[in-house]
Structure formats: structure tokens, C-alpha cells
Amino acid sequence: KQEVTQIPAALSVPEGENLVLNCSFTDSAIYNLQWFRQDPGKGLTSLLLIQSSQREQTSGRLNASLDKSSGRSTLYIAASQPGDSATYLCAPFRGGNKLTFGTGTQLKVEL
Amino acid sequence: NAGVTQTPKFRVLKTGQSMTLLCAQDMNHEYMYWYRQDPGMGLRLIHYSVGEGTTAKGEVPDGYNVSRLKKQNFLLGLESAAPSQTSVYFCASRPTGGRTEAFFGQGTRLTVV
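Chains as they are written, first to last, in the working numbering: chain A, 5 to 115; chain B, 123 to 235.
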């Protein structure tokens, strides 16, 4: 069974800092890994999809990396803003029903 | 761009009542999923479907039933609601193939009293 761990569980940073969110998973036989953002009381918004054959994927100030063999992914957020405050979830996908979520990193970016 | 739409958004039920949550997607996706999200436990898969007319159990299926009579709709039923089913329910869909991404609805917040 896939186990997904996200570290740290919570993070508070001042505006403008660059930060890294970590995701580790136990089963490396994945097709891809998706990073989501969830605002309080809202649904999940897809941020980045990184394929198993890729090392990195970028969207604006976000950069996701994937090291499938070691079961690790990181989400890098550059020049953080208060609007980035949310919970970030990673989800490795092994096909079919096997989309497994971590419990997330709750990020707060302060003015 | 509707994407994945869930109805209702909020509901309060009394113990023992029944209800159906509706998920509709307009992207012609084959796969559809129902998750529940509870504090400290992340999202857990309840049931899923790999196509019209098919359903299968996920990680926490007890107390729930599902149906997928039309490709675009995936219904989640609670026959006799219990307080342990108080949660936020999310529906998701994705196309076939391993290189595709999942899309989520905005959630249904259910309280069983």
C-alpha cells in the first residue's frame, strides 16, 4: 500500500521567502505525481503534474521535482506571497484507483 | 468551464436519514472517484468507477453505495447516515491513461447529527 508523507506539516514564513515543500512516497512504481492546492473550505486545485519520466515541471513561481527511484518530490515556491497561503497536497498516481494523498503541508505566508 | 460539479454543497442530516450526493463532469472522463476528507487523515477513497455502468470499492466503502448509470454522473448514496459519516466529500474525474491529471469538485460538507 502506498504511503505518502509530507514534511513539514505546517510552515509559516515571511513574504518574499523561497520555500520547499517535501513529499515522500513508499511505492516508486508511479505514472505521475500531482501537486494540489487547497484553500480553507474549498476543493483541490491542480498546480502541477509531473510525469514519471520527468525530473522537473515548472509553472510560474512553482517548480516541482521528482526523484522516482528514491520516492521523493519537492515543490519549490519562489518569492512567496500572502496569497500562497493554503494547504499543499501531493498525490502519486499508480493507475486506476491508485491516487494516494499525503495529509498536506499547511503554509502561511505573513506580511 | 464547468469541470467537475458537486451538489449539494452543504447538507445536515439526522442519524438514520438517507441522501444522495451527485457528481457531474463535462470532460468525457472515464474514471470517476469519491473521496472523503477528515482532519488529520487526508483524503481517503470511498468508491470509484472506471467507466459507465462500473463501480468498485475503495479504501473506506462501508456505509456507502454508488452508481454510474451515465458516463458524466457518479452518485454517492448514504442509506442510513451515521455521525461517523460527517465529513467533506470530494468527487474527482480523470481520463484514461497513466499520463493524465485528476480534476476535483468543490466538495460537499455533510454533517450528521
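Even for Gly, the Cβ is constructed at its ideal location relative to N, Cα and C.
None of the values given here were measured: they were computed from a predicted structure.
Close Cβ partners of residue i (< 7 Å) along its chain, the five nearest in sequence each way excluded
{"i": "T208 of chain B", "result": "L232, T233, V234"}
{"i": "A146 of chain B", "result": "T127, Q194, N195"}
{"i": "G106 of chain A", "result": "V8, T9, Q10, C27, L93, C94"}
{"i": "G180 of chain B", "result": "L167, I168, H169, Y170"}
{"i": "Q3 of chain A", "result": "Outside the displayed span of chain A (5 to 115) sits residue 3 of chain A, for which this structure offers no information."}
{"i": "E152 of chain B", "result": "V172, G173, P217, T218"}
Residue i - partner residues in DSSP beta bridges
{"i": "N67 of chain A", "result": "A:T62, A:Y80"}
{"i": "Q159 of chain B", "result": "B:L165, B:V210"}
{"i": "Q147 of chain B", "result": "B:V126"}
{"i": "Q42 of chain A", "result": "A:L48, A:T91"}
{"i": "F196 of chain B", "result": "B:C145"}
{"i": "L135 of chain B", "result": "B:V234"}
{"i": "E181 of chain B", "result": "BP columns for E181 of chain B are empty, so no partner."}
{"i": "F77 of chain B", "result": "Within the shown structure, residues of chain B are numbered from 123 to 235, placing residue 77 of chain B beyond reach of any answer."}
{"i": "F105 of chain A", "result": "According to DSSP, which records beta bridges pairwise, F105 of chain A is partnered with nothing at all."}
{"i": "K112 of chain A", "result": "A:S16"}
{"i": "T120 of chain A", "result": "No answer is possible for residue 120 of chain A: the residues shown for chain A start at 5 and end at 115."}
{"i": "Q55 of chain A", "result": "A:N36"}
{"i": "S171 of chain B", "result": "B:M154"}
Contacts that residue i makes with chain A (C-beta to C-beta distance below 8 Å)
{"i": "F196 of chain B", "result": "Correct list: empty, because the minimum Cβ distance to chain A is about 13 Å."}
{"i": "Y186 of chain B", "result": "Near Y186 of chain B there are no residues of chain A at all, since even the closest Cβ is about 15 Å away, more than 8 Å."}
{"i": "A124 of chain B", "result": "Per Cβ cutoff of 8 Å: no residues; A124 of chain B is ~13 Å from chain A at best."}
{"i": "G199 of chain B", "result": "Those within 8 Å of G199 of chain B in chain A number zero; the least Cβ separation is about 19 Å."}
Cβ distance (whole Å) where residue i is taken to contact residue j below 8 Å
{"i": "S77 of chain A", "j": "C94 of chain A", "result": "6 Å"}
{"i": "L165 of chain B", "j": "Y157 of chain B", "result": "4 Å"}
{"i": "Y35 of chain A", "j": "R133 of chain B", "result": "Rounded, the Cβ-Cβ distance is 35 Å, inconsistent with contact."}
{"i": "A214 of chain B", "j": "S140 of chain B", "result": "Not a contact, Cβ separation roughly 23 Å."}
{"i": "V210 of chain B", "j": "G229 of chain B", "result": "5 Å"}
{"i": "V188 of chain B", "j": "L198 of chain B", "result": "5 Å"}
{"i": "F40 of chain A", "j": "T49 of chain A", "result": "6 Å"}
Interface residues of chain B facing residue i [CB-CB closer than 9 Å]
{"i": "N119 of chain A", "result": "This structure cannot settle anything about residue 119 of chain A, because the visible part of chain A is limited to 5 through 115."}
Chain-order list of residues whose beta-carbon lies under 8 Å from that of residue i (same chain, five-residue window excluded)
{"i": "S32 of chain A", "result": "K72, S73, S74, G75"}
{"i": "L23 of chain A", "result": "L15, V17, Y80, I81, S84, L111"}
{"i": "E19 of chain A", "result": "S84, Q85, P86, V113, E114, L115"}
{"i": "E116 of chain A", "result": "Lying before the first or after the last residue shown, residue 116 of chain A is absent from chain A, which here runs from 5 to 115."}
Beta-carbon neighbours of residue i, restricted to chain B and to distances below 8 Å
{"i": "T107 of chain A", "result": "G162, M163, G164"}
Closer than 7 Å at the beta carbon, the chain A residues around residue i
{"i": "F132 of chain B", "result": "Near F132 of chain B there are no residues of chain A at all, since even the closest Cβ is about 10 Å away, more than 7 Å."}
{"i": "L167 of chain B", "result": "N101"}
{"i": "Q228 of chain B", "result": "K46, G47"}
{"i": "Y170 of chain B", "result": "N101"}
{"i": "E223 of chain B", "result": "Q38, S50, L53"}
Cβ-based neighbour list, residue i, same chain, cut-off 6 Å, excluding 5 preceding and 5 following
{"i": "D148 of chain B", "result": "A124"}
{"i": "L103 of chain A", "result": "A95, F97"}
{"i": "P205 of chain B", "result": "V234"}
{"i": "E21 of chain A", "result": "S84"}
Chain A contact residues for residue i, given Cβ-Cβ distances below 9 Å
{"i": "G173 of chain B", "result": "Per Cβ cutoff of 9 Å: no residues; G173 of chain B is ~12 Å from chain A at best."}
Cutoff 8 Å: residue i Cβ touching any chain D Cβ
{"i": "A203 of chain B", "result": "Going by chain labels, chain D is absent from the structure shown, which instead holds the protein chains A and B."}
Output, in sequence order along the chain, the residues in the region 34–55 of chain A whose CB is closer than 7 Å to any CB in chain B. Cβ contacts with chain B: Y35, N36, Q38, K46, G47, L48, S50, L53, Q55.
Residues of the region 85–105 of chain A with a CB closer than 8 Å to any CB of chain B: list them in chain order, please. Answer in chain order: L93, A95, F97, G99, G100, N101, L103, F105.
With 9 Å as the limit, tell me which residues of the region 136–160 of chain B have their beta carbon closer than that to any beta carbon of chain A; keep them in chain order. Within the region 136–160 of chain B, the residues whose Cβ lies closer than 9 Å to any Cβ of chain A are, in chain order, Y153, Y155, Y157, Q159.
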